[in-house]
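Numbering-wise (full-length UniProt numbering), the sequence shown opens with residue 1 and increments by one. Glycine included, every Cβ here is placed at the ideal spot set by N, Cα and C. The structure appears right after this line, and notes come after that.
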Amino acid sequence: SEKMQRRRSSKTPKQPLQVLQKNQTDLSAWRKEGKTDSAKSVWNHQSPKDQKNDNEQDSLEQALSFFEKGKSIQDRVSLKKSSALQKHLAAVETVALQSGLPPEGFDVLLNVALSGKLADTVNTRILKSLVPASVIPEDAVVSAVSWLCVGKCSGNVQLLFLRWLITVFDFIDRKEQLHALYGFFFSFLQDEKMCPYVCHVLYLLTRKESVKPFRVRRLLDLQVKMGMQSHLQALLSLYKLFCPELVTINLPKKAKTYFKNAEGPWKAAINAIKRRKQENSPVSQALFLGTAPPQSRKRKWNSQLIIYASSVDRNNLEEDRQNNCGDLCSQSLPLERLQTFSQLLHNIHRLEFPSRMGSVLTNPLLLHYMNCVKDESIYLRLYYWMGQVLQEECTWCVAGNSEYEEEFKDFLETVYKTECFLQEGFSSCEEFLYKTLPLWDGFCCRSQILRLVSWIPLSSFSEMKSNLYDPLSQLFLTSSLYFKCSVLESLRELLQNWLNWHMVYLDSESDSQGHSSNTTLSGLVDAVAELIHFVGGISTVALQLEDNATFLLYFILNFYETVCDVYLKYNLPLLIMPPAGVFYPALLSMDSVNLNQLCYIMYRYRTNLVAAKQNELSKKKILQFKFSSRTYQEYNQYIIAMVGCLWTSSVFQKDIHPQGLRMDDELLKKTTVQEFKTSFNIVYHPAMMGYAVLFLQQAWPDDTTLNFSLIKGKTWNWYLEYLYAEGLKGLKLFIESSISRVSQAS
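Laid out in structure tokens, this is it:
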């Protein structure tokens with residue numbers, strides 16, 4: 001017990017045994033001071049739970065002393081032949097799973113497990129029990145790494161150690177000595193079994209100064225020898241971002257799951273311990289940056305959204321805060337010290353992101369940093385982490401995850417909010433959607449998935465057709481009206497985001513980032529055109545399936561309200577008219593809101609087409625893109641139909657569109673409808689008749705016959721003014737811009 005106390009004071013003098021509660025007693029300290037009688041008095045007044053905890057901690061101290069001495073342990077002794085070894089190993093495992101191990105225990109247990117003195121079964125159990133209660137001393141990890149040089153432990157134990165190191169990386173109190181061992185880890189790349197995990201460790205440790213020409217050559221040689229392995233590709237991608245002049249080969253730009261899952265049994269144990277601690281006491285705020293969200297029951301992302309005190313010792317951090325947290329003179333700024341936007345601006349050149357990038361999603365200061373500092377390595381790290389989480393935790397792709405749907409929803413919502421903050425989509429989300437949409441039922445996490453769809457980065461049509469349009473159209477056409485409207489709104493937002501991207505990135509020659517895509521203007525035009533055609537196709541079918549539902553038509557017209565202004569508002573040389581299957585149901589709609597919106601859309605189409613024609617005729621410069629004559633022809637056909645319908649009452653005679661309303665008089669007479677020619681003008685139109693009734697009641701309050709034929713001549717003009725006063729601005733703009741023009745042309 002006295003030796004245990006000396007070890008604590010020498011290695012971690014400022015860190016008490018973290019796993020002990022305030023009402024627990026340090027029995028070894030009491031024995032040292034001769035207070036056994038007093039301890040017995042307290043023992044008698046403790047609850048059974050407290051007595052159990054004290055017994056476990058006492059057993060842990062004895063076990064650590066047993067392993068530290070090592071003299072009583074025979075080399076490679078079988079676990080079955082040593083009752084003492086069985087007892088102390090069980091004690092370590094019990095405390096580790098219940099409350100985690102204290103910092104001073106890691107040096108002892110790592111040395112034992114990696115020294116090769118015990119059998120592999122014992123070493124494996126020791127490594128699997130290394131669950132931290134708070135932090136892990138860097139010295140213990142460095143000492144453990146030194147055992148890899150000796151080579152006394154087996155290859156399986158070395159692999160397990162690397163997996164443990166990757167999992168608990170953010171719990172290590174400092175990293176400087178580990179960074180100094182970068183070359184040592186790099187030398188292990190030649191081992192094919194260890195290579196994937198060594199690459200993962202190197203990926204976590206890599207800084208710009210770590211990238212050297214000889215290391216790039218070594219990775220390229222390994223790639224030739226082993227083929228295009230995902231872990232090598234990940235490390236090369238990171239190297240290329242830091243030093244593009246050294247890595248000249250082409251690497252895939254899409255983020256994938258590059259590393260194997262190395263979390264083993266430790267992550268689940270860490271989460272369970274956190275959950276128990278939160279139930280018993282408030283979480284220490286020293287481990288967080290800002291206000292942390294409630295922790296998950298099980299899932300990994302909530303724990304990784306926390307920024308652990310990984311870059312600086314917490315006691316030193318507290319001392320620095322007490323001195324002056326504003327004057328920071330170290331080479332790198334620990335994230336735990338960053339509290340205000342002002343501090344971010346003053347120390348932005350020294351800020352170092354955490355190893356696991358999930359903590360970025362919930363912190364506005366770090367998101368501001370990502371916007372200010374165009375560092376591709378940050379995005380790459382975030383994409384790798386996010387891609388792995390999305391793939392492993394998807395509730396409809398992974399068996400056993402369905403019970404955690406609410407938590408997965410929260411995570412997807414967090415990702416969506418981050419994309420909105422950064423105003424760009426994540427390629428890892430795109431990969432996730434492309435892989436999972438064919439398996440999606442359209443119900444699980446519906447709102448969150450459709451929101452993520454709206455931030456899909458710009459891609460080629462062939463890729464989007466097979467991965468997005470095809471599975472989405474199958475769900476769209478077989479789902480409810482509400483789902484159809486939700487998909488249309490998501491696709492409208494997708495179009496809006498693409499157009500905004502065009503305005504921000506494509507027109508800016510000085511900005512070379514363009515994270516979402518490196519698409520040329522022609523590629524953008526093609527992608528936007530295909531999206532518009534896709535929405536037009538599914539909208540036409542949906543209106544037939546839903547009997548031209550007014551609610552559905554509202555969302556379709558919302559989409560085309562963005563489409564009609566693409567040329568003038570977003571400076572994109574593209575105009576696509578809505579298909580006849582959308583235009584005519586809107587023209588004959590029973591709802592005045594949809595008819596008014598259609599009038600506004602046609603007014604904006606005219607404004608854009610006139611501007612485009614004037615630009616072509618001015619011949620000031622050679623235009624790369626010109627609108628086809630078919631676009632103008634289709635617009636004129638629609639205008640003739642609208643004017644003939646709403647104004648001249650000649651739609652059945654003059655509509656020249658192939659799918660239009662032109663009918664012979666003999667056929668119309670068979671309908672037995674009186675005055676069929678005027679059935680759809682602004683007086684008799686089903687969407688406008690309510691306004692006509694109210695107008696007649698106000699103009700002739702004593703006339704109860706509602707004679708619509710009175711609305712003509714000057715009364716017609718008064719009726720128009722009445723409609724404008726009722727808020728039909730779209731109708732007003734359409735009539736003022738198009739009616740006289742068509743009348744003169746005819």
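Take G514 and list the residues in its own chain whose beta-carbon comes closer than 6 Å to its own, dropping the five residues that flank it on each side.
Any answer about G514 is weak, because its pLDDT of 41 lies below 50 and its placement is not dependable; what the coordinates show is given next. So the list reads Y505, once near-sequence residues are dropped.
Can you say whether T206 is buried or exposed, counting buried as having 16 or more other CB atoms within 10 angstroms of its CB?
Flag for T206 reads buried.
Considering only residues of the same chain and omitting the five flanking positions on each side of P213, which have a CB-CB separation below 8 Å?
Within the same chain, P213 has close Cβ partners L246.
Got a sec? Which residues, its chain only, sit under 7 Å from Q177 by beta carbon, not counting five neighbours each side?
Answer for Q177: E138 and V142, listed in chain order.
In chain order, what residues of the same chain lie with their CB nearer than 8 Å to the CB of T678, ignoring the 5 residues before and after it?
These residues qualify, in order along the chain: S649 and Y684.
Thinking C-beta only, is A140 closer than 9 Å to D110?
What sits at residue 110 in the sequence shown is Leu, not Asp. Their beta carbons are under 9 Å apart, which means L110 touches A140 by this criterion.
State the start and end residues of the unbroken alpha helix (DSSP H) segment that holds E721.
K714 to A725 is the extent of the alpha helix (DSSP H) around E721.
Cutting at 8 Å between CB atoms, please list the residues of its own chain near M194, excluding the five before and the five after it.
Counting only Cβ-Cβ distances below 8 Å, and skipping sequence neighbours, we find G155, Q158, L159, L162 and F188.
With Q233 and L251 assumed to form a contact (beta carbons below 8 Å), what rounded beta-carbon distance in angstroms separates them?
Right, their Cβ atoms sit about 6 Å apart.
Check whether the Cβ atoms of V145 and F185 lie closer than 9 Å to each other.
Yes, the pair counts as a contact, with Cβ atoms nearer than the cut-off.
With DSSP as the reference, label I136 as helix, strand or coil.
Of the three classes helix, strand and coil, the one that applies to I136 here is strand, per DSSP.
Buried or exposed: which applies to Q88, given that a residue is buried once 16 or more other Cβ atoms fall within 10 Å of its Cβ?
Sequence check: residue 88 is His here, not Gln. That one is buried.
Counting C-beta neighbours from all protein chains within 10 Å, is the total for P244 16 or more, i.e. buried, or is it exposed?
Exposed, by the Cβ-count rule.
To the nearest angstrom, report how far apart L598 and S592 are at their CA atoms.
Rounded to the nearest angstrom, the two C-alpha atoms are 10 Å apart.
Measure how close the beta-carbons of residue 778 and I273 come, nearest whole angstrom, since I'm counting them as under 8 Å.
Any question about residue 778 goes unanswered here, given that the chain covers just 1 to 746.
Can you list, in chain order, the residues of its chain with a C-beta nearer than 8 Å to that of residue 811? Leave out the 5 residues immediately preceding and following it.
For the chain, the structure presents residues 1 to 746; residue 811 sits outside this window and is missing.
How long is the line joining the alpha carbons of G727 and T671, rounded to whole angstroms?
Approximately 34 Å, taken between the alpha carbons.
Taking 8 Å as the cut-off, is the CB of F408 close to at least one heavy atom of the ligand COA?
The ligand content of the structure shown is nil, which means the ligand COA is not present either.
Determine the direct distance from the alpha carbon of Q57 to that of A29, and round the result to whole angstroms.
Low confidence applies to A29: its pLDDT is 40, below 50, so where it sits in the model is not reliable, and the reading given next is rough at best. Roughly 12 Å between the two C-alpha positions.
For L587, report the span of its alpha helix (DSSP H) as first-last.
That run of the alpha helix (DSSP H) goes A580 to L587.
Pop quiz: Y567 and A612 are said to be a contact at Cβ under 8 Å. What is the actual Cβ separation, rounded to whole angstroms?
About 6 Å; that satisfies the 8 Å criterion.
Do you know how far the Cα of F555 is from the Cα of S479?
Near 16 Å, if we compare the C-alpha coordinates of F555 and S479.
Could you tell me whether the Cβ atoms of F696 and I711 are closer together than 9 Å?
The residue asked about is misnamed: residue 696 is Leu in this sequence, not Phe. Taking 9 Å as the Cβ cut-off, L696 and I711 qualify as a contacting pair.
Going by alpha carbons, who is nearest to S473 out of F408, K69 and T540?
Minimum Cα distance to S473 is reached at T540.
Using CA atoms only, rank isn't needed, just tell me which of D655, I449 and L495 is closest to C429.
Comparing Cα-Cα distances from C429 to each of D655, I449 and L495, the minimum goes to I449.
On the criterion of 16 or more Cβ atoms from any shown chain inside 10 Å, does W164 qualify as buried, or is it exposed?
Result: buried.
Can the beta-carbon of L458 be found less than 9 Å from the beta-carbon of Y434?
Cβ atoms of L458 and Y434: not closer than 9 Å.
Could you give the distance in angstroms between the alpha-carbon of Q501 and the alpha-carbon of L494?
According to the sequence shown, residue 501 is Trp rather than Gln. Whole-angstrom Cα-Cα distance: 11 Å.
In this structure, what does DSSP give as the bridge partners for L101?
P132, per the DSSP bridge assignment.
State the DSSP-derived secondary structure class of I348, mapped to helix, strand or coil.
Three-state DSSP puts I348 in a helix.
Can you tell me whether N717 is buried or exposed, with buried defined as 16 or more other CB within 10 angstroms of its CB?
The residue is exposed, with fewer than 16 neighbouring Cβ atoms inside 10 Å.
Short check: CB of S737 to CB of M642, under 9 Å?
Not closer than 9 Å, so no.
For L595 versus A687, is the C-beta spacing smaller than 9 Å?
In contact: L595 and A687 (Cβ atoms closer than 9 Å).
Taking the C-alpha atoms as reference points, what is the distance between T607 and Q653?
One C-alpha to the other measures close to 27 Å.
Classify I735: buried if its beta carbon has 16 or more other beta carbons within 10 angstroms, exposed otherwise.
That one is buried.
Look at the alpha carbon of D702 and the alpha carbon of V693, and state the distance between them as a whole number of angstroms.
About 13 Å.
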